[in-house]
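Taken in order, the sequence shown gives residues 1 to 184; the numbers are from UniProt numbering.
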Amino acid sequence: MTQLRPFIFIAIIANILTIILYDYAASQPGGTGASLAFVVLWMPAVWITTIILTIILALKRRRILFTTGKTKSTILTLLFCTPIPLYFGYLFTHPTPESLRSSSSYRPADGKIFKSESWYYTSNDQQKYVEMYFIADSLDEKKNGENAFKKDSTWTYFTKKGDTLRVEKYNAGQLISSKKYEQK
């Protein structure tokens, strides 16, 4: 087991460093480039260095590490010297949401800004979940940004099969009517 200590140390350092860098990038506001730096620079730098160190150490100690009785613990330790367990841990703690925004568009007209968002199911990216519409006064939007937008128009929600789930009608942020459809 003492032969595995350097690998365990390398795995702990790489995983902790990755978690710290991820938390930093996730806490930054959008548009700062921190998420891009995490994916393009930090992750590859940390894990390429970790994997190269692990390979060099494993090659130097291969006669000791891969003897009978130590092979399973060696392979398990070497697995933790890769980002694979961290990735599965991330998937477990951050499950994929049922729907994701696919697109947003903004259209100015007559002193107002009209915004629409298309949301799709993550399990079937061809099936639309809802099309959302918003409206904002252009001066209010300049002052308050995204907070200026109010729900507007008709929103139609769909099931995963494409059937209409419910229809909501909005005017200037107020829900006017809502109708839910029975599913068979």
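Think of the CB as a built atom: it goes at the ideal place given N, C-alpha and C, for glycine as much as any other residue.
From E98, S116, Y121, F66, pick the residue whose C-alpha is nearest to that of Y106; which is it?
The closest CA to that of Y106, considering only E98, S116, Y121, F66, is found on S116.
Is it buried or exposed, F38, if we count other Cβ atoms within 10 angstroms and call 16 or more buried?
buried
S102 by DSSP, collapsed to three states: which one?
strand
Could you check the C-alpha separation between A148 and C81 for me, to the nearest Å?
47 Å
Apply the 10 Å Cβ neighbour rule to E141 and answer buried if 16 or more other Cβ atoms are within range, or exposed otherwise.
buried
Excluding the 5 residues flanking G111 on each side, which residues of the same chain have their C-beta closer than 6 Å to its C-beta?
S138
Beta-carbon within less than 6 Å of Y157's beta-carbon, same chain only, minus the 5 sequence neighbours each way: which residues are those?
V130, L165, R166
With respect to the beta strand (DSSP E) encompassing L165, which residues constitute its N-terminal and C-terminal limits?
164-171
If the criterion is Cβ atoms closer than 9 Å, does the pair Q183 and T154 meet it?
no
Just curious, the beta strand (DSSP E) that S35 is in, first and last residue?
S35 -> not in any beta strand (DSSP E); alpha helix (DSSP H) instead, spanning 34-37.
Other residues of its chain near M43: CB distance less than 8 Å, five sequence neighbours each side excluded
T18, L21, P83
Do E98 and R74 count as a contact pair if the criterion is CB distance below 9 Å?
Per the sequence shown, residue 74 should be read as Thr rather than Arg. Not closer than 9 Å, so no.
The beta strand (DSSP E) with S177 in it runs from where to where?
174-180
Using 10 angstroms around the beta-carbon of residue 186, count the other beta-carbons present and answer buried if the total reaches 16, otherwise exposed.
Missing from the structure shown is residue 186; the chain here goes from 1 to 184 and no further.
Can you tell me whether DSSP reads T2 as helix, strand or coil?
Reduced to three states, the DSSP call for T2 is helix.
Going straight from the alpha carbon of Q126 to that of L57, what length do you get?
48 Å
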